[in-house]
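Asks:
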Amino acid sequence: MSADFLNTNPRNIDSGVMDRGHENRKHGGVIFALGLLVATLALVAVGTIWPNQQDSGVAEPKAKLIISASSPQDAVNNLLQQIARREWHSAYELLGNKGEFSETEFRSDLTGDYGSLRSYAMLNQFDLQPLHASADQALIRAHLLWSSVVGTFGDSRDLHVVRNGRRWEVNWPIVKQTRVPPQVIPVNYLRWDVIYRGPEDDWGAQDVEAPHVRIVAMHPVDRAGEVILMGELLNEDVVPAFVTVKATLLDSKGAALGTEDAFDRISHVLLPKQVTPFRVDFHNIRMSQVDSIRMQPSSNLVPASADPVIGIESQQLNPLPNASLTGQLVNQSGQVVNVAHVIGTFYDGGGQIVWVADQYPSRALLPGTPVPFQISLPADISSKVKTYRVVTTTYISSRIQ
Amino acid sequence: MKKRTPSLCALPMLLALCLTQLAAAQAEFRFPATVEAGSEFSVATSGSGEASLYIVGPGEALERKVQLGEKISFGAEDLHNAGHYVAILIAGASSRSVQFDVAASSRPGALGFLAKPSRLAVNRENGISGVVYIFDTFGNLELSPRDVSFQLADAIGGAQLRNATSREGVAFVQMNSAPKAGAAHFQAAVDGVHATRVIEQVPGDPCSIRMTARPAAGQRVRLQTDPVRDCGGNPVPDGTIVSFTETYGGRVSTVDVPLKRGVAQTELPAENGAVISAAAGVVLGNEIRWSGR
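Quick note, the sequences are listed as chains A and B, same order.
Just so it is clear: in the first sequence, position 194 is 194 by this note's numbering, and no numbers are missing.
With positions in the second sequence counted from 1, the corresponding number in this note's numbering is that position plus 401.
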């Protein structure tokens with residue numbers, strides 16, 4: 001709204017100017033309306049000629065099943081809704097290639113085995129992208145978004161959909177889970193047990209010393225309006241340590257702006273001479289507010305095991321547009337790892353830490369069986385990364401390590 | 402009070418009380434200025450009649466019915482907390498009080514021995530500190546100077562000896578850790594009373610790492626280090642992480658392996674031309690260019 005429209009004092013309005021103004025605005029309105037009409041018609045035409053190739057859905061446990069799969073999208077939608085409801089039998093019955101695998105194998109493909117992250121995940125959302133379609137078959141890429149206790153993870157499947165009479169059926173691209181053949185794997189088991197000071201000891205009796213840990217690198221960055229602290233912590237002792245890193249940002253008067261800890265962006269159990277990256281995020285605090293930082297690493301002596309040993313093989317940096325670090329985890333021990341956590345530290349050419357990121361592979365690590373992982377990198381960071389280092393943490397249902 | 406006494410004496414009914422007050426006014430008792438904790442002693446009183454004695458000190462209070470003119474005896478278990486005491490003698494409405502001190506017993510009974518750290522690397526000069534607090538048998542801190550001897554005996558029979566004199570009940574010493582790893586017994590002794598702590602002397606950082614490689618089944622290469630030792634020849638403890646890194650064609654494979662029985666071993670993909678290295682902490686080992694043999 002212009003200032004003239006707000007000026008209601010008649011003494012300030014020239015009648016001739018006002019008339020010309022009304023005339024101009026009238027013509028402008030007609031032109032605008034015509035332009036809008038033309039644009040609308042053009043968009044309708046574009047939409048008709050090149051229809052939208054994307055379809056998406058929100059997995060609703062109570063969503064109604066579209067019984068008549070009269071199109072490939074309907075068939076895939078029906079299937080994914082059943083999967084979201086964890087109705088494995090119903091989902092299996094909808095498949096067109098049931099003869100290629102059993103219902104157990106189908107379920108195992110979706111939920112994983114051995115109490116992995118996938119076992120407790122729910123299909124939260126999916127996007128469908130038709131890649132190809134003909135009268136009798138279609139190829140649809142389904143992007144599945146699963147929600148788990150440690151966040152979401154994606155899963156992409158190319159689904160062949162075939163016409164069977166009047167119905168469309170999905171041929172599920174089964175990924176059969178590797179089975180480890182029965183065998184005996186000898187392991188020299190190494191663990192530490194701790195006897196702490198008891199209540200009957202006198203006050204001068206010493207307790208076991210807490211492990212000595214040291215922050216060997218620390219780098220704060222200002223990113224998207226928040227402060228991110230990244231660094232590395234070394235266990236320089238000869239015993240295992242349970243470590244945490246807490247950081248407090250201080251302003252110029254020494255007042256605390258905020259205190260956070262690394263939560264799960266750290267490997268909490270460190271064996272002797274082991275190094276873990278850590279990352280502490282401070283939301284809603286800008287670097288310009290920060291005068292100093294108080295770091296508080298802490299360590300406790302805990303019973304721990306040196307196993308399992310996880311090899312991180314074929315690590316490779318992938319360029320844009322999907323900047324990431326990919327590789328494979330190989331469990332070199334005889335114990336099944338239910339959930340693995342991969343943490344990557346990324347350095348620039350000068351050896352400065354520029355990013356710390358992590359990922360939880362959704363499948364369990366079976367002995368000797370590679371499991372892929374992918375740590376995504378922000379586009380602006382990926383160009384700076386020259387070297388990297390990856391560590392893993394393992395969680396085993398019978399014990400937390 | 403004394404000025405009002407004649408008027409009270411004028412009342413026949415209170416004659417007996419008046420006499421008692423007069424006796425208490427004449428009661429005297431004298432404590433020694435300092436008493437050793439746990440010692441037997443007695444205090445003479447003067448006057449006549451019965452009285453109550455109250456003794457109030459740190460952590461304890463006593464009440465005694467005493468006969469004025471007789472000695473008040475204290476046993477070994479009566480006063481054992483060191484500190485400042487107040488004794489109050491009450492006879493009727495009259496009271497007297499004296500103050501005295503109870504000092505720690507002259508014979509040490511126990512040592513509070515703080516040895517830090519409980520675990521440290523070998524060859525650390527003045528790395529071990531020992532602090533002794535000298536207590537008597539009643540747990541009182543002995544403030545008088547005492548000669549304290551410290552001995553640090555390592556696992557191979559070597560020993561360091563140091564002496565110190567306590568001051569205000571505390572003696573302090575620093576010792577070096579031994580060149581050989583193992584449990585060391587750190588002992589402090591005062592007049593036959595001693596306390597022992599165990600100090601775990603652990604190997605230092607690895608001095609060097611030497612790794613060998615040989616083919617393994619399934620297109621893998623088997624890597625194994627020689628026994629890893631620190632610069633003093635001590636075997637580095639099992640569990641210490643050795644990181645193996647293989648670089649080939651822009652791809653990297655790594656594995657962190659704990660030492661077991663002194664060596665670290667693992668398998669990585671066998672790629673001709675791959676460069677394989679090993680490291681533990683900040684110590685780098687040798688590098689191998691894998692050629693398939």
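Ideal Cβ positions, reconstructed from N, Cα and C, are used throughout, including at glycine.
(1) The beta strand (DSSP E) with B:N482 in it runs from where to where?
(2) Tell me the residue span of the beta strand (DSSP E) that contains A:W355.
(3) In chain B, which residues lie less than 7 Å from A:E209 when you measure between Cβ atoms?
(4) Using DSSP with H/G/I as helix, E/B as strand and the rest coil, what is A:H89?
(5) Counting contacts by CB-CB distance shorter than 8 Å, is B:R652 in contact with chain A?
(6) Can you give the beta carbon distance from A:N405 to A:S397, rounded, assuming they're within the 8 Å contact cut?
(7) Between which two residues does the alpha helix (DSSP H) carrying A:F106 extend?
(8) Tell me which same chain residues have a C-beta within less than 7 Å of the C-beta of A:T111, skipping the five on either side of it?
(9) Taking contact to mean at least 3 C-beta pairs separated by less than 8 Å, is the stretch 510-526 of chain B in contact with the stretch 196-215 of chain A?
(10) Can a CB atom of chain B be found closer than 8 Å to the CB of A:L271?
(11) For A:S314, decide whether its Cβ has a neighbour in chain B, counting only Cβ atoms nearer than 8 Å.
(12) Is it buried or exposed, A:N164, if we count other Cβ atoms within 10 angstroms and call 16 or more buried?
(13) State the beta-bridge partners of B:E429 as determined by DSSP.
(14) Could you spell out the range, first to last residue, of the alpha helix (DSSP H) harbouring A:S156?
(15) Pick out whichever of B:G484, B:L454, B:Q468 has its Cα sitting closest to the Cα of B:V436.
(16) How would you write the range of the beta strand (DSSP E) that A:P378 sits in, first residue to last?
(17) Please classify A:F32 as buried or exposed, where buried requires at least 16 other C-beta atoms within 10 Å of its C-beta.
(18) For the stretch 246-275 of chain A, enumerate the residues whose C-beta is nearer than 9 Å to any C-beta of chain B, in chain order.
(19) Going by DSSP, which residues form a beta bridge with A:D222?
(20) Assign A:D358 to one of two classes, buried (16 or more other C-beta atoms within 10 Å of its C-beta) or exposed (fewer than that).
(21) Out of curiosity, what's the CA-to-CA distance linking B:K472 and B:E451?
(22) Over the uninterrupted beta strand (DSSP E) stretch that includes A:D74, give me the two end residues.
(23) Can you find a C-beta in chain B that's less than 8 Å from the C-beta of A:N188?
(24) Please state whether the Cβ-Cβ distance between A:D222 and A:R265 is less than 8 Å.
(25) Near B:P638, which residues of its chain fall below 6 Å by C-beta distance, leaving aside the five closest residues on each side in sequence?
(26) Quick one: using the 10 Å Cβ neighbour count with 16 as the cut-off for buried, is A:V184 buried or exposed?
(27) Is B:Q620 buried or exposed, if buried means 16 or more other CB atoms sit within 10 Å of its CB?
(28) Cα-Cα, which of B:G558, B:A565, B:G605 is closest to B:N524?
(29) Can you pull the chain B neighbours of A:G96, defined as C-beta to C-beta under 8 Å?
(30) Could you give the C-beta distance for B:Q625 and B:V664, rounded to a whole number, given that I count them as a contact under 8 Å?
(31) Under the DSSP definition of a beta bridge, which residues are partnered with B:G439?
(32) Determine whether the Cβ of B:K661 lies closer than 8 Å to any Cβ atom of chain A.
(33) Given a threshold of 16 other Cβ atoms within 10 Å of its Cβ, counted over all protein chains shown, does B:F551 qualify as buried or as exposed?
(34) Any C-beta of chain A sitting closer than 8 Å to the C-beta of B:A681?
(35) What does B:P670 touch in chain A if you count any residue whose Cβ is under 7 Å from its own?
(36) Which runs of the beta strand (DSSP E) spanning at least 3 residues fall entirely within the stretch 112-151 of chain A, listed in chain order?
Replies: Inspection of the coordinates gives the following:
(1) Neither: B:N482 is in no beta strand (DSSP E) and is coded neither H nor E.
(2) 353-359
(3) Listed along the chain, the chain B residues whose CB falls inside 7 Å of the CB of A:E209 are P518, S519, R520.
(4) helix
(5) In terms of beta-carbon proximity, B:R652 lines the interface with chain A, with at least one pair separated by less than 8 Å.
(6) Missing from the structure shown is residue 405 of chain A; chain A here goes from 1 to 401 and no further.
(7) Counting along the chain, A:F106 sits inside the alpha helix (DSSP H) bounded by residues 103-111.
(8) R118, S119
(9) Contact between the stretch 510-526 of chain B and the stretch 196-215 of chain A is present, because at least three Cβ pairs lie under 8 Å.
(10) yes
(11) Yes - at least one Cβ of chain B is within 8 Å of the one on A:S314.
(12) Burial state of A:N164 is exposed, judged by a 10 Å Cβ sphere holding fewer than 16 other Cβ atoms.
(13) DSSP output for B:E429 lists B:S447 as bridge partner(s).
(14) Not the alpha helix (DSSP H): A:S156 falls in the beta strand (DSSP E), residues 151-164.
(15) The closest CA to that of B:V436, considering only B:G484, B:L454, B:Q468, is found on B:G484.
(16) Segment: none, A:P378 is in no beta strand (DSSP E) and carries neither H nor E.
(17) If you draw a 10 Å sphere on the C-beta of A:F32, you find fewer than 16 other C-beta atoms in it, and that means exposed.
(18) L270, L271, P272, K273, Q274, V275
(19) A:V227
(20) buried
(21) 13 Å
(22) Looking at the DSSP string, A:D74 is not in any beta strand (DSSP E); the run it does join, the alpha helix (DSSP H), is 72-84.
(23) yes
(24) no
(25) none
(26) exposed
(27) exposed
(28) B:G605
(29) Below the 8 Å Cβ cutoff, chain B contributes no neighbours of A:G96, its closest Cβ being approximately 37 Å away.
(30) 6 Å
(31) Its beta-bridge partners do not exist; DSSP assigns none.
(32) Proximity of B:K661 to chain A, defined by a Cβ-Cβ separation below 8 Å, is satisfied.
(33) buried
(34) yes
(35) E313
(36) 122-133, 137-148
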